[in-house]
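Numbering (my numbering), first residue to last: 210 to 470. Using N, Cα and C, we set each Cβ at its ideal position, and we do this for glycine too. Keep in mind the model is a prediction, meaning the values are calculated, not measured.
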């Protein structure tokens, strides 16, 4: 079987692996064994090996828990993240280089914050007195996020992005923003040129974009390739808030990008 078909079967069974991991011959053997049902007999040694490669199978995080996984070093409001850290609207998050934080907020937003990132969860108080996320400010770095039925604003140095309850991936640096509407609808405006604006409605990464600073009036939004995030990761973070992605794998039709960081 191809890697794509195997990955599709794993998604159905709740096992999540990167394509780099699938390229490892030992992991590939375990993947094929899981996909074909060979591990259902419960052989202890084989299952232990699978656990060492795959880690915990993701599911909806219990009430009172925010962090699914922390790799490397990350902080929330200047304090080191631990598995017990609660992440709330209004918090400021940072990750060291080569680190990664996977987390959920308020049971509806779930995110993967890559290494070298600084993110502020902007907040607003509802009429009932509870706090919710009304915006994300990504100062630097890379973020994959999912939400449903939630409108919010995402700000970077070069772009303002109106999110209408969707899945998206964004990279921010001083000169440009990379943005992919993975599914849903987003409104995109270049900060230095309000005439550079567009609306994207996507079902499956249909129109990734660069938003730049120096493209000229009306020309600061450009088409971009599909990079640095996968359907497996989207499925993972949707699972953390008890949802599934609105798309499914279609045999060999899906070609995942390799991470470039």
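Closest by C-alpha distance to residue 373, out of 387, 446, 436 and 391, is 391.
Between residue 321 and residue 353, the CB-CB gap stays under 9 Å.
By the C-beta density criterion, residue 423 is exposed, having fewer than 16 other C-beta atoms within 10 angstroms. The beta-carbon distance between residue 319 and residue 397, rounded to whole angstroms, is 22 Å. This is too long to meet the 8 Å contact definition. Boundaries of the beta strand (DSSP E) harbouring residue 313: 309–314, taken from the DSSP string. Contact check between the segment 413–428 and the segment 291–304: fewer than three CB pairs, one atom from each, fall below 8 Å, which does not count as touching.
Across the structure, residue 413 and residue 344 are spaced so that their CA atoms are roughly 23 Å apart. Beta-bridge analysis with DSSP links residue 407 to 397. When the alpha-carbon of residue 375 is set against those of 385, 363, 325 and 284, the nearest one is in 363. If you look at residue 448, you'll find it in the alpha helix (DSSP H) that goes 440–449. Taken through DSSP and simplified to helix, strand or coil, residue 343 comes out as strand. The Cβ atoms of residue 296 and residue 276 lie closer than 9 Å to each other. By the 16-neighbour rule on beta-carbons within 10 angstroms, residue 384 is exposed.
Within the same chain, and ignoring the five residues on either side of residue 324 in sequence, the residues whose Cβ sits closer than 7 Å to its Cβ are 281, 304, 305, 306, 307, 308 and 309.
Non-local C-beta neighbours of residue 292 in its own chain, meaning closer than 6 Å and more than five positions away in sequence, comprise 276, ordered along the chain. If one requires a minimum length of 3 residues, the beta strand (DSSP E) runs lying completely within the segment 361–392 are 368–373 and 376–381, in chain order. By the neighbour-count criterion, in which 16 or more other beta carbons inside 10 Å mark a residue as buried, residue 368 falls on the buried side. Bridge pairing for residue 276: 312 [DSSP].
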